[in-house]
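Visitor: So that we are looking at the same thing, I have put the structure below in structure tokens.
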Amino acid sequence: MSKTDPELVKAFLGLETALVALEHMEPQREPDNVLMLAIFTVADDAVYELIDAVSSHRLTSRQQAALRDRVARFEALGTAEIRSSLRRYGCAPAPRRVAN
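What follows is the structure in structure tokens.
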């Protein structure tokens with residue numbers, strides 16, 4: 678049995694944490710709530726960075742499946758569309774990256 682890289686474990690935990698935060702937010706319902714927009718933006722940016730971090734490792738088939746599952750959950754949230762809508766009304770900064 679191989680030992681999992683602690684950096685990879687931290688990245689997966691961070692990814693899960695950011696996804697859970699995004700899944701429980703609806704920033705489009707409170708476009709004037711600066712704190713919610715800030716947390717939404719940080720969590721959204723973190724997901725992109727953590728997907729990159731996890732993808733840069735050599736993954737087992739289980740880890741690849743877990744990553745695919747999290748990417749699918751992220752895509753289902755439609756955060757790019759939410760950010761576009763909020764930006765149109767001057768409520769949210771542009772994402773650091775523009776691709777899922």
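So in this note's numbering, the last spot in the sequence shown is 777, and the numbers never skip. Yeah, the Cβ is synthetic: ideal placement off N, Cα and C, and Gly gets one too.
Below 8 Å, can you find three or more Cβ-Cβ pairs linking the segment 737-747 to the segment 701-709?
Guide: no
Visitor: Round the Cβ separation of Thr756 and Asp721 to the nearest angstrom and send it over; I've been treating them as touching at under 8 Å.
Guide: 5 Å
Visitor: Note down, in chain order, each residue of its chain lying with its Cβ closer than 6 Å to the Cβ of Gly691, except the 5 sequence neighbours on either side.
Guide: Excluding residues up to 5 positions away in sequence, Leu727 lie with their Cβ nearer than 6 Å to the Cβ of Gly691 in the same chain.
Visitor: Is DSSP giving Gly691 helix, strand or coil here?
Guide: helix
Visitor: Measure the CB-CB distance between Leu699 and Val724 and report whether it falls below 9 Å.
Guide: Yes, these two residues count as a Cβ contact at 9 Å.
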